[in-house]
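Engineer: What follows is a structure written as C-alpha coordinates; I'll ask about it next.
Residue numbers (our numbering): 274 to 648.
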(Lines of atoms letter the chains of each structure in order from A and count residues from 1; the text may use other names and numbers.)
(Lines give C-alpha, C1' and ligand atoms only; values in the text may rest on other atoms or scores of the structure.)
Protein backbone atom coordinates (compact mmCIF):
# COMPACT_ATOMS: atom_id res chain seq x y z
CA UNK A 1 0.00 0.00 0.00
CA UNK A 2 1.28 3.48 -0.89
CA UNK A 3 2.30 5.73 1.98
CA UNK A 4 0.25 8.85 2.54
CA UNK A 5 2.38 11.85 3.56
CA UNK A 6 -0.82 13.68 4.57
CA UNK A 7 -0.63 11.88 7.93
CA UNK A 8 3.11 12.15 8.65
CA UNK A 9 2.40 14.50 11.58
CA UNK A 10 0.38 11.92 13.55
CA UNK A 11 1.09 8.39 12.25
CA UNK A 12 3.07 5.62 13.99
CA UNK A 13 6.50 4.65 12.64
CA UNK A 14 6.81 2.84 9.34
CA UNK A 15 8.68 -0.46 9.51
CA UNK A 16 11.87 1.06 8.05
CA UNK A 17 11.91 3.57 10.93
CA UNK A 18 11.87 0.87 13.64
CA UNK A 19 15.62 -0.05 13.67
CA UNK A 20 16.69 3.56 14.31
CA UNK A 21 14.01 3.93 17.00
CA UNK A 22 15.27 0.75 18.72
CA UNK A 23 18.84 2.14 18.69
CA UNK A 24 17.62 5.38 20.29
CA UNK A 25 15.63 3.51 22.96
CA UNK A 26 18.57 1.21 23.75
CA UNK A 27 21.01 4.10 24.20
CA UNK A 28 18.68 6.35 26.21
CA UNK A 29 19.65 7.13 29.83
CA UNK A 30 16.45 5.52 31.19
CA UNK A 31 16.99 2.25 29.29
CA UNK A 32 18.59 0.36 32.23
CA UNK A 33 15.60 1.18 34.44
CA UNK A 34 13.07 0.11 31.79
CA UNK A 35 15.09 -3.01 30.93
CA UNK A 36 15.27 -4.19 34.55
CA UNK A 37 11.46 -4.06 34.78
CA UNK A 38 10.76 -5.79 31.47
CA UNK A 39 13.59 -8.36 31.47
CA UNK A 40 14.42 -9.04 35.14
CA UNK A 41 17.51 -11.17 35.64
CA UNK A 42 19.07 -10.45 32.23
CA UNK A 43 22.18 -8.32 31.80
CA UNK A 44 21.71 -4.81 30.40
CA UNK A 45 24.08 -5.51 27.51
CA UNK A 46 22.17 -8.64 26.51
CA UNK A 47 18.86 -6.76 26.64
CA UNK A 48 20.35 -3.88 24.64
CA UNK A 49 21.49 -6.32 21.93
CA UNK A 50 18.04 -7.94 21.88
CA UNK A 51 16.19 -4.63 21.47
CA UNK A 52 18.65 -3.34 18.83
CA UNK A 53 18.00 -6.48 16.78
CA UNK A 54 14.28 -5.70 16.33
CA UNK A 55 13.48 -4.56 12.80
CA UNK A 56 9.66 -4.64 12.84
CA UNK A 57 6.80 -3.41 15.01
CA UNK A 58 5.64 -7.00 15.39
CA UNK A 59 8.97 -8.11 16.89
CA UNK A 60 8.88 -5.21 19.35
CA UNK A 61 5.27 -5.88 20.34
CA UNK A 62 5.56 -9.67 20.55
CA UNK A 63 8.71 -9.54 22.69
CA UNK A 64 9.15 -6.29 24.65
CA UNK A 65 5.54 -5.09 24.91
CA UNK A 66 4.25 -8.60 25.61
CA UNK A 67 6.72 -8.84 28.49
CA UNK A 68 5.76 -5.38 29.77
CA UNK A 69 2.17 -6.56 30.12
CA UNK A 70 3.20 -9.89 31.62
CA UNK A 71 5.17 -8.02 34.30
CA UNK A 72 2.24 -5.68 35.02
CA UNK A 73 -0.17 -8.63 35.30
CA UNK A 74 2.22 -10.65 37.51
CA UNK A 75 3.23 -7.79 39.80
CA UNK A 76 0.07 -5.73 40.19
CA UNK A 77 -2.98 -7.94 39.48
CA UNK A 78 -4.41 -11.20 40.76
CA UNK A 79 -5.24 -12.16 37.18
CA UNK A 80 -6.33 -10.61 33.88
CA UNK A 81 -8.91 -12.13 31.54
CA UNK A 82 -10.68 -11.37 28.26
CA UNK A 83 -14.02 -12.44 26.75
CA UNK A 84 -15.69 -11.74 23.44
CA UNK A 85 -12.86 -12.55 21.01
CA UNK A 86 -15.36 -14.85 19.29
CA UNK A 87 -17.50 -11.80 18.45
CA UNK A 88 -14.81 -10.53 16.07
CA UNK A 89 -14.81 -11.35 12.36
CA UNK A 90 -11.18 -12.10 11.38
CA UNK A 91 -11.83 -10.56 7.96
CA UNK A 92 -12.84 -7.17 9.42
CA UNK A 93 -10.91 -4.28 10.92
CA UNK A 94 -12.60 -2.59 13.87
CA UNK A 95 -12.77 0.73 15.64
CA UNK A 96 -12.56 -0.38 19.28
CA UNK A 97 -14.25 2.30 21.42
CA UNK A 98 -13.27 1.64 25.04
CA UNK A 99 -14.13 2.99 28.44
CA UNK A 100 -11.04 4.68 29.84
CA UNK A 101 -9.87 3.95 33.39
CA UNK A 102 -6.06 3.93 33.08
CA UNK A 103 -3.84 6.10 30.86
CA UNK A 104 -1.71 3.25 29.55
CA UNK A 105 -3.14 -0.10 30.61
CA UNK A 106 -6.61 -0.01 29.01
CA UNK A 107 -5.13 -0.19 25.50
CA UNK A 108 -1.93 -2.01 26.42
CA UNK A 109 -3.64 -5.02 28.05
CA UNK A 110 -5.99 -5.37 25.08
CA UNK A 111 -2.98 -5.52 22.73
CA UNK A 112 -1.42 -8.17 24.98
CA UNK A 113 -4.52 -10.37 24.69
CA UNK A 114 -4.55 -9.91 20.92
CA UNK A 115 -0.90 -10.99 20.74
CA UNK A 116 -1.27 -14.13 22.87
CA UNK A 117 -4.48 -15.15 21.08
CA UNK A 118 -3.05 -14.76 17.57
CA UNK A 119 -4.96 -11.60 16.60
CA UNK A 120 -3.45 -8.60 14.83
CA UNK A 121 -2.80 -5.69 17.22
CA UNK A 122 -4.50 -2.34 16.68
CA UNK A 123 -3.24 1.18 16.18
CA UNK A 124 -3.77 3.21 19.37
CA UNK A 125 -4.55 6.86 20.01
CA UNK A 126 -1.77 8.62 21.90
CA UNK A 127 -2.54 11.96 23.55
CA UNK A 128 -0.11 14.71 22.53
CA UNK A 129 0.09 15.67 26.24
CA UNK A 130 1.67 12.26 26.95
CA UNK A 131 4.49 12.71 24.44
CA UNK A 132 6.72 13.88 27.27
CA UNK A 133 10.17 12.96 26.03
CA UNK A 134 11.96 11.24 23.11
CA UNK A 135 11.97 7.73 24.61
CA UNK A 136 8.20 7.83 25.27
CA UNK A 137 7.64 8.96 21.68
CA UNK A 138 9.90 6.21 20.30
CA UNK A 139 8.26 3.48 22.40
CA UNK A 140 4.77 4.76 21.56
CA UNK A 141 5.25 5.18 17.81
CA UNK A 142 7.02 1.79 17.60
CA UNK A 143 3.93 0.34 19.32
CA UNK A 144 1.44 1.54 16.65
CA UNK A 145 0.44 4.65 18.58
CA UNK A 146 -0.67 7.77 16.70
CA UNK A 147 -0.84 11.32 17.96
CA UNK A 148 -4.13 12.92 19.04
CA UNK A 149 -4.42 16.56 20.05
CA UNK A 150 -6.54 17.46 23.06
CA UNK A 151 -9.34 20.02 22.43
CA UNK A 152 -8.18 23.59 22.84
CA UNK A 153 -7.20 26.65 20.84
CA UNK A 154 -9.51 28.35 18.39
CA UNK A 155 -12.50 26.60 16.87
CA UNK A 156 -11.14 26.57 13.31
CA UNK A 157 -7.96 24.84 14.43
CA UNK A 158 -9.92 22.35 16.53
CA UNK A 159 -12.17 21.55 13.55
CA UNK A 160 -9.13 21.06 11.29
CA UNK A 161 -7.46 18.69 13.76
CA UNK A 162 -10.70 16.75 14.34
CA UNK A 163 -11.21 16.29 10.60
CA UNK A 164 -7.57 15.23 10.21
CA UNK A 165 -7.98 12.61 12.95
CA UNK A 166 -11.26 11.39 11.46
CA UNK A 167 -9.64 11.01 8.04
CA UNK A 168 -6.69 9.14 9.55
CA UNK A 169 -8.93 6.67 11.43
CA UNK A 170 -10.93 5.96 8.26
CA UNK A 171 -7.73 5.64 6.20
CA UNK A 172 -6.23 3.23 8.76
CA UNK A 173 -9.29 0.96 8.85
CA UNK A 174 -10.19 1.03 5.15
CA UNK A 175 -6.83 1.48 3.39
CA UNK A 176 -4.17 0.24 5.80
CA UNK A 177 -6.47 -2.60 6.90
CA UNK A 178 -5.62 -2.05 10.56
CA UNK A 179 -7.95 -1.83 13.53
CA UNK A 180 -7.88 1.21 15.84
CA UNK A 181 -8.32 1.63 19.61
CA UNK A 182 -9.73 4.91 20.96
CA UNK A 183 -11.13 5.94 24.34
CA UNK A 184 -14.83 6.85 24.50
CA UNK A 185 -13.93 10.34 25.78
CA UNK A 186 -11.04 12.74 26.24
CA UNK A 187 -9.22 11.84 29.45
CA UNK A 188 -9.92 9.04 31.89
CA UNK A 189 -13.19 8.49 33.72
CA UNK A 190 -12.49 9.82 37.20
CA UNK A 191 -15.87 9.22 38.89
CA UNK A 192 -16.60 5.67 37.75
CA UNK A 193 -19.25 6.80 35.24
CA UNK A 194 -18.35 5.54 31.77
CA UNK A 195 -19.97 7.86 29.21
CA UNK A 196 -19.19 8.21 25.51
CA UNK A 197 -18.53 11.78 24.41
CA UNK A 198 -21.03 12.64 21.69
CA UNK A 199 -18.28 14.77 20.10
CA UNK A 200 -16.21 11.60 19.46
CA UNK A 201 -19.06 10.17 17.36
CA UNK A 202 -19.34 13.47 15.49
CA UNK A 203 -15.59 13.31 14.81
CA UNK A 204 -15.87 9.77 13.37
CA UNK A 205 -18.51 11.04 10.92
CA UNK A 206 -16.55 14.08 9.72
CA UNK A 207 -14.57 12.13 7.11
CA UNK A 208 -17.78 10.79 5.46
CA UNK A 209 -20.13 13.82 5.67
CA UNK A 210 -22.69 12.78 3.02
CA UNK A 211 -23.99 9.55 4.57
CA UNK A 212 -24.11 9.31 8.35
CA UNK A 213 -25.03 5.60 8.41
CA UNK A 214 -22.20 4.63 6.06
CA UNK A 215 -19.81 6.93 7.99
CA UNK A 216 -20.04 4.68 11.05
CA UNK A 217 -20.92 1.37 9.38
CA UNK A 218 -17.59 1.49 7.48
CA UNK A 219 -15.67 1.70 10.76
CA UNK A 220 -17.16 -1.45 12.39
CA UNK A 221 -17.43 0.06 15.87
CA UNK A 222 -16.82 -2.50 18.64
CA UNK A 223 -17.33 -1.21 22.20
CA UNK A 224 -14.87 -2.46 24.84
CA UNK A 225 -15.48 -2.62 28.60
CA UNK A 226 -12.44 -2.89 30.88
CA UNK A 227 -13.08 -3.46 34.58
CA UNK A 228 -10.54 -3.23 37.42
CA UNK A 229 -11.30 -4.69 40.84
CA UNK A 230 -9.24 -1.85 42.34
CA UNK A 231 -9.55 1.33 40.27
CA UNK A 232 -6.15 2.51 39.00
CA UNK A 233 -5.17 5.78 40.76
CA UNK A 234 -8.36 5.68 42.84
CA UNK A 235 -6.98 7.96 45.59
CA UNK A 236 -5.45 10.37 43.06
CA UNK A 237 -8.78 10.50 41.21
CA UNK A 238 -10.72 11.18 44.43
CA UNK A 239 -8.32 14.01 45.34
CA UNK A 240 -8.63 15.51 41.86
CA UNK A 241 -12.43 15.38 41.98
CA UNK A 242 -12.39 16.94 45.46
CA UNK A 243 -10.09 19.73 44.29
CA UNK A 244 -12.30 20.33 41.23
CA UNK A 245 -15.35 20.75 43.48
CA UNK A 246 -13.90 22.88 46.26
CA UNK A 247 -11.00 24.82 44.80
CA UNK A 248 -9.75 25.13 41.24
CA UNK A 249 -8.11 22.04 39.85
CA UNK A 250 -4.97 22.66 37.83
CA UNK A 251 -2.83 19.87 36.42
CA UNK A 252 0.57 19.83 38.12
CA UNK A 253 3.92 19.28 36.38
CA UNK A 254 4.65 15.55 36.09
CA UNK A 255 1.08 14.59 37.00
CA UNK A 256 0.48 12.49 33.87
CA UNK A 257 3.73 10.56 34.41
CA UNK A 258 2.81 10.02 38.08
CA UNK A 259 -0.60 8.67 37.00
CA UNK A 260 1.02 6.32 34.45
CA UNK A 261 3.48 4.93 37.03
CA UNK A 262 0.81 4.67 39.75
CA UNK A 263 -1.52 2.88 37.34
CA UNK A 264 1.21 0.38 36.45
CA UNK A 265 2.45 -0.29 39.99
CA UNK A 266 -0.73 0.00 42.11
CA UNK A 267 -2.37 -3.30 43.03
CA UNK A 268 -5.43 -3.72 40.82
CA UNK A 269 -6.79 -7.11 41.87
CA UNK A 270 -8.71 -8.79 39.06
CA UNK A 271 -8.88 -7.15 35.63
CA UNK A 272 -11.33 -8.13 32.90
CA UNK A 273 -11.75 -6.95 29.31
CA UNK A 274 -15.03 -7.63 27.52
CA UNK A 275 -15.17 -7.18 23.74
CA UNK A 276 -18.83 -6.26 23.33
CA UNK A 277 -21.05 -7.09 20.36
CA UNK A 278 -20.03 -4.74 17.50
CA UNK A 279 -22.55 -2.11 16.45
CA UNK A 280 -24.51 -3.43 13.45
CA UNK A 281 -25.66 -1.60 10.32
CA UNK A 282 -29.26 -2.43 11.32
CA UNK A 283 -28.78 -0.69 14.67
CA UNK A 284 -27.33 2.40 12.98
CA UNK A 285 -30.08 2.40 10.33
CA UNK A 286 -32.72 2.60 13.05
CA UNK A 287 -31.51 6.19 13.60
CA UNK A 288 -31.74 7.10 9.88
CA UNK A 289 -34.44 9.76 10.32
CA UNK A 290 -32.72 11.57 13.17
CA UNK A 291 -30.86 14.86 12.79
CA UNK A 292 -27.06 14.56 12.82
CA UNK A 293 -26.96 15.78 16.41
CA UNK A 294 -29.61 13.26 17.53
CA UNK A 295 -27.80 10.52 15.61
CA UNK A 296 -24.47 11.18 17.34
CA UNK A 297 -26.23 11.17 20.71
CA UNK A 298 -28.11 7.92 19.95
CA UNK A 299 -24.95 6.11 18.86
CA UNK A 300 -23.10 7.34 21.97
CA UNK A 301 -25.92 5.97 24.16
CA UNK A 302 -25.86 2.66 22.27
CA UNK A 303 -22.11 2.31 22.98
CA UNK A 304 -22.73 3.25 26.64
CA UNK A 305 -25.38 0.52 27.00
CA UNK A 306 -22.95 -2.07 25.64
CA UNK A 307 -20.14 -0.96 27.94
CA UNK A 308 -22.25 -0.60 31.09
CA UNK A 309 -24.00 -3.94 30.53
CA UNK A 310 -20.66 -5.72 30.06
CA UNK A 311 -18.73 -3.91 32.80
CA UNK A 312 -17.75 -6.55 35.36
CA UNK A 313 -18.81 -5.64 38.90
CA UNK A 314 -16.64 -6.79 41.82
CA UNK A 315 -17.33 -7.00 45.58
CA UNK A 316 -15.78 -3.51 45.98
CA UNK A 317 -18.52 -2.03 43.82
CA UNK A 318 -21.28 -3.57 45.93
CA UNK A 319 -19.57 -2.63 49.22
CA UNK A 320 -19.23 0.96 48.04
CA UNK A 321 -22.88 1.10 46.99
CA UNK A 322 -24.06 -0.12 50.40
CA UNK A 323 -21.74 2.35 52.17
CA UNK A 324 -22.85 5.28 50.03
CA UNK A 325 -26.56 4.62 50.52
CA UNK A 326 -26.27 3.42 54.12
CA UNK A 327 -27.98 0.07 53.57
CA UNK A 328 -27.22 -3.63 53.07
CA UNK A 329 -28.94 -4.12 49.73
CA UNK A 330 -25.98 -6.04 48.26
CA UNK A 331 -24.78 -7.72 51.47
CA UNK A 332 -24.76 -11.17 49.86
CA UNK A 333 -22.31 -9.96 47.18
CA UNK A 334 -19.29 -9.63 49.49
CA UNK A 335 -17.69 -11.21 52.56
CA UNK A 336 -16.76 -9.64 55.90
CA UNK A 337 -13.10 -9.91 54.89
CA UNK A 338 -13.71 -8.07 51.61
CA UNK A 339 -15.62 -5.37 53.49
CA UNK A 340 -12.73 -4.90 55.94
CA UNK A 341 -10.21 -4.71 53.07
CA UNK A 342 -12.26 -1.95 51.43
CA UNK A 343 -12.50 -0.05 54.73
CA UNK A 344 -8.71 -0.26 55.11
CA UNK A 345 -8.29 1.24 51.65
CA UNK A 346 -10.77 3.97 52.56
CA UNK A 347 -8.87 4.79 55.77
CA UNK A 348 -5.82 5.77 53.66
CA UNK A 349 -7.67 9.03 52.99
CA UNK A 350 -7.49 10.01 56.68
CA UNK A 351 -4.05 11.55 56.18
CA UNK A 352 -5.40 14.22 53.80
CA UNK A 353 -6.51 16.33 56.74
CA UNK A 354 -6.54 19.62 54.83
CA UNK A 355 -9.66 18.26 53.09
CA UNK A 356 -13.15 17.61 54.43
CA UNK A 357 -12.37 13.91 55.04
CA UNK A 358 -16.02 12.80 55.02
CA UNK A 359 -16.62 14.44 51.67
CA UNK A 360 -13.36 13.06 50.25
CA UNK A 361 -14.38 9.55 51.33
CA UNK A 362 -17.83 10.02 49.83
CA UNK A 363 -16.22 10.91 46.48
CA UNK A 364 -13.89 7.89 46.73
CA UNK A 365 -16.80 5.53 47.51
CA UNK A 366 -18.74 7.02 44.58
CA UNK A 367 -15.98 5.99 42.15
CA UNK A 368 -16.70 2.37 43.05
CA UNK A 369 -20.48 2.57 43.51
CA UNK A 370 -21.37 4.41 40.29
CA UNK A 371 -20.83 1.37 38.03
CA UNK A 372 -23.57 -0.44 40.01
CA UNK A 373 -26.03 2.35 39.23
CA UNK A 374 -24.85 2.46 35.61
CA UNK A 375 -25.67 -1.22 35.23
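Cβ atoms here follow ideal geometry from the backbone N, Cα and C, with glycine treated the same way.
#1: From the DSSP output, read off the bridge partner residues of residue 501.
#2: With a 10 Å radius around its C-beta and 16 neighbouring C-beta atoms as the bar for buried, classify residue 496 as buried or exposed.
#3: In three-state terms, what does DSSP make of residue 692?
#4: Output needed for residue 463: all residues of its chain with C-beta closer than 8 Å, excluding positions within five of it in sequence on either side, in chain order.
#5: Are at least three pairs of beta-carbons, each pair with one atom in the segment 430-450 and one in the segment 569-583, less than 8 Å apart?
#6: Any idea what DSSP makes of residue 305, helix, strand or coil?
#7: Report yes if the CB atom of residue 375 is closer than 8 Å to the CB atom of residue 542, and no otherwise.
#8: Tell me the DSSP secondary structure of residue 391 in three-state form.
#9: Am I right that residue 366 and residue 452 are in contact with their C-beta atoms under 8 Å? What's the rounded C-beta distance?
#10: Would you decide whether residue 533 is buried or exposed? Buried here means 16 or more other CB atoms lie within 10 Å of its CB.
#11: Cutting at 6 Å between CB atoms, please list the residues of its own chain near residue 321, excluding the five before and the five after it.
#12: So what does DSSP say about residue 468, is it helix, strand or coil?
#13: Classify residue 312: buried if its beta carbon has 16 or more other beta carbons within 10 angstroms, exposed otherwise.
#14: DSSP three-state call for residue 326: helix, strand or coil?
#15: With 16 as the cutoff for other CB atoms within 10 Å, does residue 330 come out buried or exposed?
#16: How long is the line joining the alpha carbons of residue 279 and residue 477, rounded to whole angstroms?
#17: Taking residue 412 as the reference, give the member of 423, 422, 648, 399 with the closest Cα.
#18: Between which two residues does the beta strand (DSSP E) carrying residue 575 extend?
#19: Can the beta-carbon of residue 539 be found less than 8 Å from the beta-carbon of residue 356?
#20: At which residues does the alpha helix (DSSP H) containing residue 348 begin and terminate?
#21: Quick check on residue 405: buried or exposed, where buried means 16 or more other Cβ atoms within 10 Å of its Cβ?
#22: Check each candidate in 334, 277, 344 and name the one with the smallest Cα separation from residue 314.
#23: Leaving out five residues on either side along the sequence, give the residues of the same chain with a beta carbon under 6 Å from the beta carbon of residue 647.
#24: Could you check which residue in 457, 472, 442, 552 has the C-alpha nearest to that of residue 431?
#25: Measuring straight from C-alpha to C-alpha, what distance separates residue 482 and residue 454?
#26: Could you tell me which of 360, 456, 609 sits nearest to residue 397, measuring between CA atoms?
#27: For residue 547 and residue 419, I'd like the C-alpha separation in whole angstroms.
#28: At which residues does the beta strand (DSSP E) containing residue 297 begin and terminate?
#29: Taking only the alpha-carbon atoms, compute the straight-line gap between residue 502 and residue 625 and give it to the nearest angstrom.
#30: Closest to residue 380 by CA distance: which of 416, 390, 391, 408 is it?
#31: Return the first residue and the last residue of the alpha helix (DSSP H) that residue 446 is part of.
#32: What are the residues that DSSP puts in a beta bridge with residue 368?
#33: Using a Cβ-Cβ cut-off of 8 Å (strictly less than) and excluding sequence neighbours within five positions of residue 491, which residues of its own chain qualify?
#34: Just how far apart, CA to CA, sit residue 466 and residue 643?
#35: Can you name, in chain order, every residue of its own chain whose Cβ lies under 7 Å from the Cβ of residue 401, other than the five neighbours on each side?
#36: Only counting the same chain, and skipping five residues up and downstream in sequence, which positions put a Cβ closer than 6 Å to that of residue 557?
Structural biologist: With the structure as the only source:
#1: 544
#2: buried
#3: The requested residue 692 does not occur in the structure, where the chain is confined to residues 274 to 648.
#4: 510, 513, 514, 640
#5: no
#6: helix
#7: no
#8: coil
#9: 5 Å
#10: buried
#11: 299
#12: coil
#13: buried
#14: coil
#15: buried
#16: 18 Å
#17: 399
#18: Element bounds for residue 575: not the beta strand (DSSP E) but the alpha helix (DSSP H), 565-583.
#19: no
#20: 339-349
#21: exposed
#22: 344
#23: 581
#24: 472
#25: 22 Å
#26: 456
#27: 24 Å
#28: First-last for residue 297: 291-299, but that is the alpha helix (DSSP H), not the beta strand (DSSP E).
#29: 24 Å
#30: 416
#31: 428-447
#32: 453, 494
#33: 443, 446, 447, 481
#34: 6 Å
#35: 420, 421, 422, 423
#36: 486, 489, 490
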